[in-house]
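Below is one structure, written out as structure tokens; comments come after it.
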Amino acid sequence: MKVMIRRTGAGLSAYVPKKDLEEPIIKVENEDLWGGAITLRNGWRLVLPDLPRDTRLPITVEARKISDED
Numbered sequence: 021m022k023v024m025i026r027r028t029g030a031g032l033s034a035y036v037p038k039k040d041l042e043e044p045i046i047k048v049e050n051e052d053l054w055g056g057a058i059t060l061r062n063g064w065r066l067v068l069p070d071l072p073r074d075t076r077l078p079i080t081v082e083a084r085k086i087s088d089e090d
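See the structure below:
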């Protein structure tokens, strides 16, 4: 699914256009964000593509949903 990752005043945020959903990122698996899983406040876990550490935000990427705590 397409996900836009951006930096806000409160930290990182993920926006899923297809669901009109924006949630803060509360946990990242990899320190540099890319190539690992992230957890959104609503419980969704998404795997992000492996991109260079210096990738500029905001960016839209293809992420894979691996779990849903809802």
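When we follow the numbering used here, the leftmost residue of the sequence shown carries the number 21, and every step to the right adds one. From the three backbone atoms N, C-alpha and C, an ideal C-beta is built for every residue, glycine too.
Item	Value
On the CB-based measure, 16 or more other CB atoms within 10 Å of its CB, does residue 33 come out buried or exposed?	buried
Have a look at residue 39 and residue 50 and give me their C-alpha separation to the nearest angstrom.	25 Å
Run through the DSSP bridge pairs and tell me what residue 22 is partnered with.	82
Enumerated in chain order, which unbroken segments of the beta strand (DSSP E) with a length of 3 residues or greater are wholly contained in the region 27 to 63?	31 to 36, 41 to 48 and 57 to 60
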